[in-house]
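Peer 1: Before I ask anything, let me first share the structure, which is written out below as structure tokens.
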Amino acid sequence: MSELSTKAENTWCPGCGNFGILNAFKRAVAGLESEGVDRGRLYISAGIGCHAKIFDYLALSGLYSIHGREIATVQGAKLANPNLYVVAFGGDGDVFGEGVSHLLFAAKRNADMTMIVHDNGVYGLTTGQYTPTSRRGFKGPSTPAGSVEDPLDPLTLMLVAGATFVARGYSGKVEQLADLMAKAIKHRGFAFIDVLQPCVTFNDTYKKYNAGTEPAAHDPADFAAAMAAAARRDRLPLGVVYETDKTAFDRELLGEHNPVRDSLPQAGRLERIARVISRS
Amino acid sequence: MADEVFTLIAGGKAGYGIRKAGTVAAALFARMGRHVFQMDDYPSLIRGGHNFCAVSTAPGPITSHYTKADLLVCLDQRSVDAHASHLSERGVMVHDDKAKADEGSVGLPISAEAKQYADPELITGVAVAAALAAAIGMSESELAGLIEQSYSRGNEENVPYARTIYKAALPALKGWFRLNRGEKERPLLSGNEAIALGAVAGGLDIFFAYPMTPASSILHFLAARAEDLGVVAVHPENEIGVINMAIGAATAGARAMVASSGGGFALMQEAFSLAGMAEVPLLCVLSSRPGPSTGLPTYTSQGDLSFALNQGHGEFPRVVASPGSVEEAYRLTAELLGLAWEFQTPAILLTEKHLSESRVTAELETGKVAWAEPVPAAPGPYRRYLDAPTGVSPLLFPPSSEIVKWNSYEHDENGTTTEDAGNSTRMADKRRRKGESLADHLRTLHTVNAFGDKGPVIMTYGSTTLSVLEALRHGGIEATVVQPVFLEPLPWWELSRYAGRNVTVVEQSSTGMFASLLKEKAGIVPARVIKRYDGRPFAPEELAAALKAAE
Ligand SMILES: Cc1ncc(C[n+]2csc(CCOP(=O)(O)OP(=O)(O)O)c2C)c(N)n1
Ligand code: SF4
Ligand SMILES: [Mg+2]
């Protein structure tokens, strides 16, 4: 597990929830390896923000993408080579703001990918502005009088958009989070984990989440129960909120075809081109 | 009359099957072994308005439609009004007999006879083929065969309708024109089809695009033939999704291409820079229409030249090239995909509606295409951004036991983020050296086309080359036509020899972007710039006159 670490200097603030996410992910990968999943088949990507630094801290292949686009990046990698397990790390600003169109469509088309959102309710890296998940009244440098918008609810959004695996984790509960991550990676379809992540510098939510969360207790196969769980505001359920089976996008689109593996040599291409031209 | 250019122009409302009528005529001429150039002029709407197609054909090479028609078929009054002045000296106008037209024109019961059929608007397009058949001396049964072959549906109505119109047309039109057969039958291809096929020839594995005229038909073509060609076509949520998916695909080892027009391309800029920084091989097709903004969606323009050359923020190498013919579109797309992979940087194939959507009889030498083998990684520890002397680092893709990290941030050789000053200089130098290696490599390639070697020098590029060549043919003008195929890096080493000459530039831009580029990069100061920027391609008749006046 330790060799999943890299030599990159860690620049997260001491106490940041991102450490819990990093540790949970390493555990999840170790767990998958013990089940025979080769880590070389993992392809990771990240947006831009504090969350995204995880890309440098994991000894795994992939592309350190741009703000909000990691969701598209991993879908492209998956379509190129469906044998990859693709994972996107995003921030709440990243995923629900800049990249929200990709998020909705990834869920809608059931792209086989894992979306891990480091949901700290703030733009960390750009010093504390409100995000789509910040509470009404949140004061940041762009909303000095407090945000006048109500927050988005990520779980409801994803359920409605068609995600086939929806979960909520908490960076303070590493073991449970690692378990959710492993399940999400193994899920054949769009798997979404909203990770409650305290930002000790701009939005310290440790107390709130330590006291205000509880294990999800409904049947995750029941969509109505999942919607009800997602709507809860008194205490936030943690765990798998919804899970269902549906053919993944790459399978629908490609069938057995693997564009990288099945890429034709030049001669085969020229033959096919000649055939197509002879018909035009 | 025979052995010269024959032009059919047919006009009507959108929904009258005008485009299809042009395609049927083009196929007929091609089957006669003649050369064909088919241009569709249509506004951005689905019903109503005014569409026309111009199909010019000759026994020898032809690289433009003509705007003076020999046979003009007007399916409605608006077409009569718009095109009555577009008749050649020997030309004849055929029109719906409900429309008012000058004496000497031939009224036919086009709309009256159409009324008895299920779609009385769509079927009127069939009248074009019927009138053409009568005018060039085809028999009624040959016409019926043509209709059966050309229309996939509704022939139980199309054929009787065509026969009726043919019989009505025969007394007036019979044998008006005689078209000789040419030497051999050639396939008809649009520029976009050639681009799609060229990409496949060059190694395309997966194509991403969001619909935008005039690039959409690349998507439609590849989607329809994905299985036949062994490739995948994907239509994601928007152009930002398009290019970022393509980049993701390339980093997983698939040769990817995207295509759009100006607006969609503008959305791709941020990721274009990502490809520059992360050194991701990517081919982008930019098919231009007049802007700015939505502009004239279905017309042609070369107003995106500067946009293409300056795509993306930050400094990084890129290749931009523009094909001057359908055949070249095939070759060049394959070559650019290869260059993108050899030099791990984005490449742009710049083209225009006029080449993208015009259909011509093309003789593709399908086997004569570039095939690049990118630098593979040696066994042992892998560094994605190995600081090689050429600036080109070896490629490796997951799944792999080695870690392959691509990065949008400035990074070290391993692909790990770093803001270290010395490393930043080193990596910027690496990318610059890669650009120099690319420019050196271009010197070994064919980068400039020259047609003719006498007379004044005319410089042009892209689809305007087609217009210039036909104008010279039409006007019997002798000239040396110089067409840089590559625009970035601009092959100044080939072009500078024209610096002292009396140069005429022809381009479809209002500000003369191409002339400015020649001046800036090759020291060529054109004596004059002939421009057209109303969205319509140059007409050979008009351009020949302008070139003669310039002499
Ligand atoms: C296109 C673009 N716009 C803006 C930025 C600046 N930017 C960097 S990170 C960031 C916000 C990050 O917030 P979030 O996604 O919540 O990540 P966090 O830092 O909180 O982990 C922004 C706006 C950018 N990098 N790219
Ligand atoms: S600013 Fe917040 S999110 Fe960013 S590293 Fe510090 S604590 Fe973590
Ligand atoms: Mg955040």
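First to last, the protein sequences are chains Y and W. Counting from 1, position 144 in the first sequence corresponds to residue 144 in my numbering; the numbering is continuous, with no gaps. Counting from 1, position 444 in the second sequence corresponds to residue 724 in my numbering; the numbering is continuous, with no gaps. Glycine included, C-beta positions come from ideal geometry on N, C-alpha and C.
Going along the chain, which residues of its own chain have a beta-carbon closer than 6 Å to the beta-carbon of R219/Y, five neighbours each way excluded?
Peer 2: First, the amino acid is wrong: residue 219/Y is Asp here, not Arg. Result list for D219/Y: A225, in chain order.
Peer 1: Of all the options S789/W, I738/W, S359/W, K714/W, which has the alpha carbon lying nearest to the alpha carbon of A826/W?
Peer 2: I738/W
Peer 1: For F96/Y, count the other beta carbons within 10 Å of its own beta carbon; 16 or more makes it buried, fewer makes it exposed. Which is it?
Peer 2: Result: buried.
Peer 1: Which residues in the same chain as V304/W place their Cβ atom closer than 6 Å to its Cβ, once the five residues preceding and following it in sequence are excluded?
Peer 2: Excluding sequence neighbours, V304/W sits near A409, S430.
Peer 1: Along chain W, which residues have their Cβ under 8 Å away from the Cβ of P215/Y?
Peer 2: Under the 8 Å cutoff, chain W gives no residues; its nearest Cβ is about 35 Å from P215/Y.
Peer 1: Starting from the C-beta of A362/W, find all residues in its chain whose C-beta is less than 7 Å away, skip the five residues before and the five after it, and write them out in chain order.
Peer 2: G291, H330
Peer 1: Give a yes or no on whether the minimum CB-CB distance between S497/W and chain Y is below 8 Å.
Peer 2: no
Peer 1: With distances taken from each beta carbon to the nearest heavy atom of ligand 2, which residues come in below 6 Å, in chain order?
Peer 2: Chain-ordered list of matching residues: W12/Y, C13/Y, C16/Y, N18/Y, C50/Y, N120/Y, G124/Y, C199/Y, V200/Y, T201/Y, F202/Y.
Peer 1: Step through the CB atoms of chain W and report whether any lies within less than 8 Å of the CB of M1/Y.
Peer 2: Reliability fails at M1/Y, whose pLDDT of 45 lies under 50, so the model's placement of it is uncertain and no value is given.
Peer 1: From E3/Y to A30/Y, what does the alpha carbon distance come to, in whole angstroms?
Peer 2: 10 Å
Peer 1: Using a Cβ-based criterion (distance less than 7 Å to any ligand heavy atom), does H67/Y qualify as near ligand 1?
Peer 2: Inclusion of H67/Y in the 7 Å shell around ligand 1 follows from its C-beta lying nearer than that to a non-hydrogen atom of the ligand.
Peer 1: What's the gap between the Cα of K108/Y and the Cα of D56/Y?
Peer 2: 30 Å
Peer 1: Return the residue from the list G732/W, G660/W, I486/W that minimises the CA-CA distance to L264/Y.
Peer 2: I486/W
Peer 1: If we ignore side chains and look at the alpha-carbon of each, how far apart do N435/W and A588/W end up?
Peer 2: A straight line joining the alpha-carbon of N435/W with that of A588/W spans about 46 Å.
Peer 1: Taking only the alpha-carbon atoms, compute the straight-line gap between S789/W and N518/W and give it to the nearest angstrom.
Peer 2: In a straight line, the C-alpha of S789/W is about 28 Å away from that of N518/W.
Peer 1: Less than 8 Å between the C-beta atoms of V353/W and A407/W, yes or no?
Peer 2: yes
Peer 1: Residues of chain B with CB closer than 7 Å to the CB of L84/Y, please, in chain order.
Peer 2: Protein chains Y and W are contained in the structure displayed, whereas chain B is not.
Peer 1: Which full runs of the alpha helix (DSSP H) of 4+ residues lie inside the region 409-456 of chain W, going along the chain?
Peer 2: 420-430, 435-453
Peer 1: In terms of residues, what are the limits of the alpha helix (DSSP H) holding K246/Y?
Peer 2: Looking at the DSSP string, K246/Y is not in any alpha helix (DSSP H), and its letter there is neither H nor E.
Peer 1: Going by the beta-carbon positions, is the gap between L629/W and G742/W smaller than 8 Å?
Peer 2: It is not a contact, given that the beta carbons lie outside the stated cut-off.
Peer 1: Is any beta-carbon of chain Y found at less than 8 Å from that of A489/W?
Peer 2: no
Peer 1: Label R433/W either buried or exposed according to how many other C-beta atoms from any shown protein chain fall within 10 Å of its C-beta, with 16 as the threshold for buried.
Peer 2: exposed
Peer 1: Just how far apart, CA to CA, sit S142/Y and Q129/Y?
Peer 2: 6 Å
Peer 1: To the nearest angstrom, how far is the alpha carbon of P132/Y from that of H67/Y?
Peer 2: A straight-line Cα-Cα distance of about 15 Å links P132/Y and H67/Y.
Peer 1: Could you name each continuous alpha helix (DSSP H) segment of 4 residues or more that falls completely within the region 207-261 of chain Y, going from the start of the chain to the end?
Peer 2: 223-231, 249-254
Peer 1: Under DSSP, the alpha helix (DSSP H) around T524/W begins and ends at which residues?
Peer 2: The sequence shown places Asn at residue 524/W, rather than the Thr named in the question. Looking at the DSSP string, the run of the alpha helix (DSSP H) that includes N524/W is 519-531.
Peer 1: Determine the direct distance from the alpha carbon of M312/W to that of I757/W, and round the result to whole angstroms.
Peer 2: 28 Å
Peer 1: If A306/W sits next to R812/W, beta carbons under 8 Å apart, how far is it from one beta carbon to the other, in whole angstroms?
Peer 2: A306/W to R812/W, Cβ: 24 Å. No contact.
Peer 1: May I have the straight-line CA-CA distance separating V761/W from R458/W, to the nearest angstrom?
Peer 2: Rounded to the nearest whole angstrom, the C-alpha separation of V761/W and R458/W is 33 Å.
Peer 1: Tell me which residues share the same chain as L616/W and place their Cβ nearer than 7 Å to its Cβ, disregarding the 5 neighbours each side in the sequence.
Peer 2: Annotation for L616/W: L563, V599, A601, A627, L629 place their beta carbon closer than 7 Å to its own, counting only its chain and skipping 5 residues before and after.
Peer 1: Would you tell me roughly how many angstroms separate the C-alpha atoms of T784/W and A829/W, rounded to the nearest one?
Peer 2: 11 Å
Peer 1: A539/W and L477/W look like a contact to me (Cβ under 8 Å); what is the Cβ gap, rounded to whole Å?
Peer 2: Not confirmed; about 14 Å, so no contact.
Peer 1: If you measure beta-carbon to beta-carbon, which residues of the region 55-69 of chain Y are closer than 8 Å to chain W?
Peer 2: Those residues of the region 55-69 of chain Y placed with their C-beta closer than 8 Å to a C-beta in chain W are F55, D56, A59, L60, S61, G62, L63, Y64, S65, I66, R69, ordered along the chain.
Peer 1: Give me the Cα-Cα distance between A282/W and L619/W, rounded to the nearest whole angstrom.
Peer 2: Note that A282/W scores a pLDDT of 35, beneath 50, so its modelled location is shaky; the value from the coordinates is reported in the next line. Straight-line Cα distance between these residues: approximately 46 Å.
Peer 1: Which of the residues in the region 339-370 of chain W, read from start to end, lie with their CB under 8 Å from any CB of chain Y?
Peer 2: none
Peer 1: Quick check: is any heavy atom of ligand 5 less than 7 Å from the C-beta of H102/Y?
Peer 2: The ligand content of the structure shown is limited to ligand 1, ligand 2 and ligand 3, which means ligand 5 is not among them.
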